């Protein structure tokens, strides 16, 4: 068993208003803060190690820390809370597709207009304005519009558009035709850069750039110095000198046209002309709408948006949030594909579903799902702190299915030293033979149950001298 020495007696209690952090081998941290003028203090002992249970000598007292846990010490000496002894229930969810939206005749589409007339812009200026100063955080979107006079050369050289931005996403259009997108990442630099070859007509051309923020920063150092939006735009025609557009006359439109018209609401959806979806799947900057009936029952309702790219969803005029399923996690899968619809947003029938898709997706593959808790699990040690609502009792395993369901089967039960956790489990060297029968009698057919972690409940102590726990995995139906 590893032993780590904490701070000395002299540094254990801090002077007024001092907050000190001591890091030990990047495994343990002590957070110490004074609380009153009498120099009372509280300590947080943190074990980041997932496997080791080190003994910590802190202020000349020994404390054993469970793996991946935090212990809170009152007066820097008495353990009053330990996360490893929390007796909360663990549950696993199952999503079930109830309805597919693959009927092409039930969908309508509306192509978001690409602004190209600077004279109709809400704002103009001979500079590139900062994104958030224009949007005031009322929308994710800001259009930058500029004109470019093109004189083709005789050698037919390619024309390159270069855009540097500090927004999260950038979409580019030339003469209303989509030419490319780029987005940042958590690990990348602050700037995003779009380099793409474009086709121009002789004479005046319109370049429309859509700057997109996925929310705004609300913390961090020097926030007042942070700026977002497009920083530099240039045209490179063959071997000719780079033509910088920063100080040209720019037009600005705050938000999308469909946003301003509120076409995601029942009242305003008819304010634009919707068309058949036909060849408008996988089309950038397109709105889609359909209707659906709400599932019967109490299960959570969610949309599976795996087939889409990036955008936002509304149900009956209420936003259920942005989605960005095309931005994959390191595993190669989207970090989220199911999007919850609160029950109070829903009507029994004719629920209006509207999406705005930025980069292209297929709404015909969206599914309406129900999500339910199918497995509940409790893993409680005999030394665990009792739940708050059971003060005066010893530690117990508490299991409870969601409303409308009951415990139908006990998948695993062991009182002793079961191996594993709620996802992988097996009996250990110590196991009470009555474990399963006791748990079944207490829980089967009920919505919830409680089982004391006590040898008396299981016919006696199966292995004296060994610290025991009760691990129960149950199915809900």
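Residue numbers (UniProt numbering): 1 to 477. Note that beta-carbon positions come from the ideal geometry of N, C-alpha and C, so glycine has one too. Every value quoted in this text rests on a predicted model; they were computed, and no experiment measured them.
By alpha-carbon distance to residue 377, the top candidate from 412, 112, 369, 408 is 412. Where residue 321 is concerned, the enclosing beta strand (DSSP E) starts and stops at 318-324. Closest by C-alpha distance to residue 58, out of 458, 266, 77, is 77. Close CB contacts of residue 64 within its chain, under the 7 Å cut and outside five residues either way in sequence, are with 53, 55 (chain order). Non-local beta-carbon contacts of residue 68 in its own chain, meaning distances under 6 Å to residues more than five positions away in sequence, involve 50 in chain order.
Within the UniProt domain "SUEL-type lectin" (391-477), the runs of alpha helix (DSSP H) that reach at least 4 residues and sit entirely inside it are, in chain order, 435-443. Of all alpha-carbon atoms in 195, 87, 366, the one lying nearest the alpha-carbon of residue 98 is that of 366. Beta-carbon to beta-carbon, residue 252 and residue 143 are separated by about 6 Å, close enough to satisfy the 8 Å threshold. By the neighbour-count definition (other C-beta atoms within 10 Å, threshold 16), residue 396 is a buried residue.
Inclusion of residue 443 and residue 407 in the CB contact set at 7 Å is warranted, their separation being smaller than that value. Around the beta-carbon of residue 224, fewer than 16 other beta-carbon atoms lie within 10 Å, marking it exposed. Per DSSP, reduced to three states, the secondary structure at residue 224 is helical. A Cβ-Cβ separation of about 19 Å leaves residue 457 out of contact with residue 400 under the 8 Å criterion. Residue 231 carries a strand assignment under DSSP once its states are collapsed to helix, strand and coil. When secondary structure is reduced to three states using DSSP, residue 343 falls in the helix class. Rounded to whole angstroms, residue 402 and residue 299 show a C-alpha spacing of 8 Å. If you draw a straight line from the Cα of residue 425 to the Cα of residue 418, it comes to about 7 Å. Taking all protein chains in view, the Cβ of residue 466 is surrounded by fewer than 16 other Cβ atoms within 10 Å, so the residue is classified as exposed. Going by DSSP, residue 259 is part of the alpha helix (DSSP H) stretching over 257-261. In this structure residue 315 does not touch residue 230 by the C-beta definition: roughly 33 Å separates them, more than the 8 Å allowed. Nearest Cα to residue 105 within the set 275, 331, 312: 275.
The residues 126, 127, in chain order, have a CB closer than 7 Å to that of residue 247 in the same chain once the five nearest residues on each side in sequence are set aside. Taken through DSSP and simplified to helix, strand or coil, residue 118 comes out as helix.
Residue pairing from DSSP places residue 206 in a beta bridge opposite 147. Nearest neighbour of residue 101 by Cα position, chosen from 433, 322, 239, 303, turns out to be 303.
Burial check for residue 213: the Cβ neighbour count within 10 Å reaches 16 or more, so the residue is buried. Residue 61: member of the beta strand (DSSP E) spanning 61-64, first to last residue. Shown here, residue 168 sits in coil according to DSSP, grouped into three states, outside any helix or strand.
Between the C-alpha atoms of residue 207 and residue 286 there is a straight-line separation of about 19 Å. Residue pairing by DSSP places residue 289 opposite 108, 354 in a beta bridge.
Between residue 347 and residue 294 a beta carbon distance of about 7 Å is seen, short of the 8 Å cut, so the two are scored as contacting.
By the CB criterion at 7 Å, residue 394 and residue 452 fall inside the cutoff. Residue 364 has its alpha-carbon roughly 7 Å from the corresponding atom of residue 103. In terms of Cβ geometry, residue 311 and residue 326 do not form a close pair [threshold 7 Å]. Non-local C-beta neighbours of residue 382 in its own chain, meaning closer than 7 Å and more than five positions away in sequence, comprise 395, 453, 467, 468, 469, ordered along the chain. In the DSSP annotation of this structure, the continuous segment of the beta strand (DSSP E) that includes residue 100 starts and ends at 90-100.
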